[in-house]
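Below is one structure; the comments refer to it alone.
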Amino acid sequence: MNENSISLSTQHLVKRFEHFIAVDDISFAVQRGEIYGLLGPNGAGKTTTIRMLLGLLAPSAGTGTVLGFDIVRHAEAIRQRVGYVSQKFALYADLTVAENFNFYAGVYGVPRRALADKRRDILPSVGLAAEENTRVKNLAGGSRQRLALACALAHQPAFLFLDEPTAGVDPLSRRMLWDLVYDLAERGTTILVTTHYMDEAENCNRIAFIYRGKLVAEGSPHAMKTEQMRAAVLEIDCDPIEPALGVLRAAHLFDEVALYGAQIHAIGEAAGEKIPRVRELLLANQIAVKDITAILPSLEDVFITRLRSVDANGA
Numbered sequence: 000m001n002e003n004s005i006s007l008s009t010q011h012l013v014k015r016f017e018h019f020i021a022v023d024d025i026s027f028a029v030q031r032g033e034i035y036g037l038l039g040p041n042g043a044g045k046t047t048t049i050r051m052l053l054g055l056l057a058p059s060a061g062t063g064t065v066l067g068f069d070i071v072r073h074a075e076a077i078r079q080r081v082g083y084v085s086q087k088f089a090l091y092a093d094l095t096v097a098e099n100f101n102f103y104a105g106v107y108g109v110p111r112r113a114l115a116d117k118r119r120d121i122l123p124s125v126g127l128a129a130e131e132n133t134r135v136k137n138l139a140g141g142s143r144q145r146l147a148l149a150c151a152l153a154h155q156p157a158f159l160f161l162d163e164p165t166a167g168v169d170p171l172s173r174r175m176l177w178d179l180v181y182d183l184a185e186r187g188t189t190i191l192v193t194t195h196y197m198d199e200a201e202n203c204n205r206i207a208f209i210y211r212g213k214l215v216a217e218g219s220p221h222a223m224k225t226e227q228m229r230a231a232v233l234e235i236d237c238d239p240i241e242p243a244l245g246v247l248r249a250a251h252l253f254d255e256v257a258l259y260g261a262q263i264h265a266i267g268e269a270a271g272e273k274i275p276r277v278r279e280l281l282l283a284n285q286i287a288v289k290d291i292t293a294i295l296p297s298l299e300d301v302f303i304t305r306l307r308s309v310d311a312n313g314a
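Structure, rendered in structure tokens:
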């Protein structure tokens, strides 16, 4: 990775609280113009990591830089140059869209004389051109998140932090938000996004799994599925499905047997060789087998398998 193209870098970052370690010795780098995803369950350390990178929390150990500025010594310089959208962005419900935008633009240092032009440029890009005079309390959740993004973009930041921006948002608004993210990245904005939606992770250039405060895997979505997954996956289409889950789990043929949409995914070493045995087991239990196919693992398969490995082996 070219050092001159790096927008964010951490080295052995740690955050300890009184009774636990929230972030445990993580190191990673994000290139300029990249969409980098941090994936993990609730409580994994994603938000704590972002708060340290924004200079809102002091790390217990380790170092980091954002846009070349040290996260401890130059926290204010970082905040002036980045945008931040959290899951619960603090919009003011009784103010209008325009009033909220003006307030946050002012916080970011946008001159008052430039506010009208900024609104005219940014609000249409997030689909809120016709909502300037609408009070935020009357907006749907997806529209509120798009307004939060508009506020974070008021000062044209070079780096954008998105902390679970689509949690609780309807599918159409999720799609619109990601279209905006693509457009920003194409224009050179670097983006770090946290999520626990596996389908959203597919939209990132690179992703990292964070679990119990540790970075346990990193790479492109394609590499995660083709290079970092040691086990194989069987997709099993059968009926009825609930008894089939019980039968396959009781047989202990696989490391993981889970429901994936309307099918079962069975994950384990040499899974393809076990197709005849799986078919035999299911038929013996009066379960109709429509299809059993060895498939490329999904990111969810990779994620679950990696976390199970950490739980079982500590690595």
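Counting in numbering that gives the first Met the number 0, the sequence shown runs from 0 upward without gaps. In this text, a Cβ means the ideal position worked out from N, Cα and C, and glycines have one as well.
Under DSSP, residue 245 forms no beta bridge with any residue.
Inter-residue distance for residue 227 and residue 279 is about 31 Å (C-alpha atoms, whole angstroms). Residue 180 counts as buried, since no fewer than 16 other beta carbons sit within 10 angstroms of its beta carbon. With fewer than 16 other Cβ atoms from the protein chains shown falling within 10 Å of its own Cβ, residue 312 counts as exposed. With a 10 Å radius around the Cβ and a threshold of 16 neighbouring Cβ atoms, residue 251 comes out exposed. The way I'd put it, the segment 231-246 doesn't touch the segment 193-204; fewer than three beta-carbon pairs between them come closer than 8 Å.
Approximately 12 Å separates the beta-carbon atoms of residue 183 and residue 84; this is outside 8 Å, ruling out the contact. Taking the C-beta atoms as reference points, residue 290 is found no nearer than 8 Å to residue 266. In this structure, the straight-line span from the alpha carbon of residue 223 to that of residue 167 is close to 27 Å.
Under the three-state reduction of DSSP, residue 15 is assigned to strand.
Separation of residue 155 and residue 243 (C-alpha to C-alpha, rounded to the nearest whole angstrom) is 53 Å. Closest in alpha carbon position to residue 122, among 136, 106, 216, 95, is 95. Residue 238 is classed as exposed because its beta carbon has fewer than 16 other beta carbons within 10 Å across all chains shown. Judged by DSSP secondary structure, residue 141 falls within the alpha helix (DSSP H) whose first and last residues are 140-151. Straight across, the Cα-Cα distance linking residue 73 with residue 54 is about 8 Å. Collapsing the DSSP output to three states places residue 103 in a helix.
Annotated three-state conformation of residue 221 is helix, per DSSP.
Distance from the CA atom of residue 273 to the CA atom of residue 57, rounded to whole angstroms, is 51 Å.
For residue 30, the uninterrupted beta strand (DSSP E) run begins and ends at 20-30, by DSSP. Taking residue 164 as reference, the option from 88, 293, 203, 17 with the minimal CA-CA separation is 88.
For residue 4, the closest of 124, 302, 100, 188 by C-alpha to C-alpha distance is 188.
Cβ atoms of residue 172 and residue 141 come within 8 Å of each other, at about 2 Å.
With fewer than 16 other beta carbons inside 10 angstroms of its own, residue 258 counts as exposed. In this structure, residue 125 places its C-beta atom within 8 Å of the C-beta atom of residue 148.
For residue 185, the enclosing alpha helix (DSSP H) starts and ends at 170-185. Just so you know, the alpha carbons of residue 33 and residue 14 end up roughly 25 Å apart.
For residue 38, the enclosing beta strand (DSSP E) has its first and last residue at 34-38. Residue 302 sits in a helix when the DSSP states are folded into three classes. Residues of the same chain with a CB within less than 8 Å of the CB of residue 135, apart from the 5 flanking positions on each side, are 90, 91, 92, 93, 94, 95, 96, 99, 143, 146 in chain order.
Secondary structure of residue 279 (DSSP, three-state): helix.
According to the DSSP assignment, residue 289 belongs to no alpha helix (DSSP H) but to the beta strand (DSSP E) extending over 287-294.
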